[in-house]
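In full-length UniProt numbering, the protein residues as written are 28 to 473. Built from N, CA and C at the ideal position, the CB exists for glycine as well. Notes follow the structure.
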Amino acid sequence: MFLYGIYEKFVPHHFHKHVRKYIQKFVGFMSPYMHITFPEFISGQCLKRSDAYSCIRTYLSASSLENAKRFKAEVVANSQTPLVLTMEDAEEIEDKFQGVKVWWFSHNNSKNDSDAKLYLTLTFHKNYRELITTSYIKHVLEEGKALKLKNRKLKLYTNNPSNDWWRPSSRKWSQTTFEHPATFETLAMDQEKKEEIIDDLIKFKSGKDYYAKVGKAWKRGYLLYGPPGTGKSTMISAIANFMNYDVYDLELTTIKDNNELKRLLIATSSQSIIVIEDIDCSIDLTGKRTKDEKKDKDGNGKESNVTLSGLLNFIDGIWSACGSERIIIFTTNFVDKLDPALIRRGRMDKHIEMSYCSYQAFKVLAKNYWDNDSDHVLFPIIEKLLGEVNMSPADVAENLMPKSISDHFGTRLKNLIKSLERAKKKTEKRDKEAEMEQCLEGKKNM
Ligand SMILES: Nc1ncnc2c1ncn2[C@@H]1O[C@H](COP(=O)(O)OP(=O)(O)OP(=O)(O)O)[C@@H](O)[C@H]1O
């Protein structure tokens with residue numbers, strides 16, 4: 028106390044901070060322990076979540092739990108470990124590697140929740156510097172990555188309007204858990220086509236070295252086109268579940284300009300699918316739309332200035348290469364409306380037509396709703412009708428869905444037959460009318 032009094036009295040106040048700094052340095056120099064800090068976000072062109080941080084957190088949550096006393100619990104559906112415990116903030120965890128003790132401490136740099144940045148600090152004895160900085164950290168990152176994959180719950184992201192981006196607590200993308208049950212097994216389409224898509228996806232997933240060798244960014248574009256209700260959205264869910272990728276559902280109409288589009292792209296993570304549904308309705312691809320056409324149904328003008336060239340840059344410009352293992356999917360009901368530049372091979376590598384329900388596709392749906400591999404006696408009638416009438420898988424599925432507990436599969440098939448017959452009559456009537464109109468036109472021109 029006496030010495031401190033002398034220090035306070037004789038050392039000028041503006042020197043205090045320098046003295047404090049030297050004392051801290053001295054204590055650090057004398058301490059036999061070293062510290063390495065891993066921030067949650069890494070700064071660059073924009074703030075990006077650090078992969079290392081999240082791998083370490085997962086590792087610590089799962090494999091070094093014995094010594095931690097407080098956890099956060101999360102329930103993960105469809106996971107091998109349904110209850111996942113994660114490290115609480117300001118919690119210390121002790122870990123051991125090849126007989127060497129290390130300590131992890133989780134902390135944030137702010138008292139204010141909205142702009143808190145999280146850090147993990149690793150403390151270990153100087154003598155083990157080599158072992159810890161090479162083998163131990165490598166071990167933690169690898170284990171964390173494997174655990175993340177095992178417990179991974181897919182996420183569905185949607186883009187927020189940019190008016191909110193300035194807030195520290197607001198993010199460019201809102202996220203929710205993606206739990207769509209669609210798989211390739213339940214997807215109704217011709218088997219050959221399905222297998223071709225699965226092969227393509229497998230090749231893409233294992234193509235890291237190939238893409239590096241040929242000097243191409245590790246990404247693939249799919250264009251899904253076809254009438255409403257043919258399963259374009261269902262296909263996206265099946266791809267996400269098959270690949271174990273997150274989905275970014277990009278709503279173009281809320282994006283002000285190409286610059287915003289670029290910033291959204293940078294904020295997406297690897298191993299993800301970026302989806303733009305109904306691309307023909309989302310953007311002025313021709314540059315010919317009038318202001319009125321840009322208004323939504325409430326009459327509000329949409330101010331999106333995203334252009335075709337902005338979108339092309341989004342797909343294969345230099346920015347699209349920051350991140351890898353990404354699939355970009357466009358869907359449309361009107362493929363002919365799209366600018367050829369947008370969908371040329373190399374941009375949209377695979378064009379997949381989702382078509383009306385074939386008999387093969389019907390059999391997949393029947394299996395989904397009947398849980399029986401054998402053929403029903405009514406199947407041949409349905410096969411014949413599906414050959415004559417266009418009905419979407421969505422409409423077929425609607426007929427096959429039980430409306431009550433006592434609703435037998437046979438009854439549902441009969442309902443489907445009735446719907447198909449009605450659709451057949453409608454088509455025949457329409458064809459006759461068109462034929463008559465043509466006749467009249469012909470007579471007029473004679
Ligand atoms: N090929 C399919 N396989 C299995 N179910 C399907 C298929 N097509 C449609 N369905 C069923 O119909 C519903 C609607 O399908 P979906 O939204 O995938 O069609 P879409 O082609 O994306 O339609 P839209 O063009 O109107 O957006 C789905 O929830 C699903 O139950």
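Identity of the residue in the options nearest residue i by Cα
| i | options | result |
| --- | --- | --- |
| L228 | L427, K243, Y249 | Y249 |
| S88 | K172, I69, M61, E157 | K172 |
| residue 480 | F37, F357, L447 | In this structure the chain extends from 28 to 473, so residue 480 is not present and cannot be described. |
| I300 | D307, L392, S260 | S260 |
| T185 | T280, I69, A450 | T280 |
| L251 | D458, T358, N399 | T358 |
| F406 | M381, N442, R371 | N442 |
| A265 | Y237, Y238, I224, H378 | I224 |
| P254 | E380, A450, M61 | E380 |
| I282 | V333, Y237, N268 | V333 |
| T438 | V404, K452, K411 | V404 |
| I409 | D398, A450, P429 | A450 |
| Q202 | D307, Y86, T295 | T295 |
| F68 | G469, E468, N135, T213 | N135 |
| E278 | V302, I33, T148, D458 | V302 |
| G256 | E219, N417, K452 | N417 |
| Q218 | I63, A388, T454, M463 | A388 |
Residue i: CB within 7 Å of a non-hydrogen atom of ligand 1
| i | result |
| --- | --- |
| P208 | no |
| A388 | yes |
| N360 | yes |
| K235 | no |
| M463 | no |
| A424 | yes |
| K451 | no |
| G242 | no |
| P429 | no |
| A393 | no |
| M418 | no |
| L214 | yes |
| S309 | no |
| A267 | no |
| T261 | yes |
| T257 | yes |
| G337 | no |
| M375 | no |
Exposure label - residue i; buried when at least 16 CB within 10 Å
| i | result |
| --- | --- |
| Y275 | buried |
| C384 | buried |
| S433 | exposed |
| F37 | exposed |
| M375 | buried |
| D422 | buried |
| K471 | exposed |
| residue 8 | Shown here, the chain extends from 28 to 473; a query on residue 8 therefore has no answer. |
| residue 477 | The shown model of the chain, from 28 to 473, leaves out residue 477, and the question about it has no answer. |
| residue 488 | In the structure as shown, the chain begins at 28 and stops at 473. Residue 488 is therefore absent and cannot be evaluated. |
| F42 | exposed |
| K289 | buried |
| I263 | buried |
| C82 | buried |
| G267 | As written in the sequence, residue 267 is Ala, which differs from the Gly given in the question. Flag for A267 reads buried. |
| I50 | exposed |
| D400 | exposed |
| D319 | Confidence in D319 is poor, its pLDDT being 44 and thus under 50, which makes the residue's placement unreliable; the coordinate value appears in the next sentence. Per the 10 Å Cβ criterion, exposed. |
| K315 | Any reading at K315 is ruled out, since the residue's pLDDT is 43, under 50, leaving its predicted position unreliable. |
| R371 | exposed |
Beta-carbon proximity of residue i to residue j, cut-off 8 Å
| i | j | result |
| --- | --- | --- |
| K230 | W245 | no |
| K182 | D273 | yes |
| I163 | F205 | In the sequence as displayed, the identity of residue 163 is Tyr instead of Ile. No. Outside cutoff. |
| S133 | E287 | no |
| P59 | Y80 | no |
| N187 | K177 | no |
| K153 | M57 | no |
| R353 | S297 | yes |
| N395 | G337 | no |
| A215 | G258 | yes |
| Y146 | V127 | no |
| L467 | A424 | no |
| D307 | F361 | yes |
| A368 | L412 | no |
Query raised in the report: At which residue ranges does the UniProt domain "AAA+ ATPase" (245-385) contain complete beta strand (DSSP E) runs of 3 or more residues, listed in the order of the chain?
Result: 246-252, 273-276, 299-303, 353-359, 377-380
Query - Inside the segment 374-457 only - alpha helix (DSSP H) runs reaching at least 4 residues - result: 386-397, 406-415, 420-427
Requested in this report: Quick one: which unbroken alpha helix (DSSP H) runs of 4-plus residues sit fully inside the segment 146-185? Chain order, please.
Outcome: Listed in chain order, they are 164-178.
Query raised in the report: For the segment 201-226, which segments carrying the beta strand (DSSP E) assignment without a break, of at least 3 residues, lie completely within its bounds, in sequence order?
Result: none
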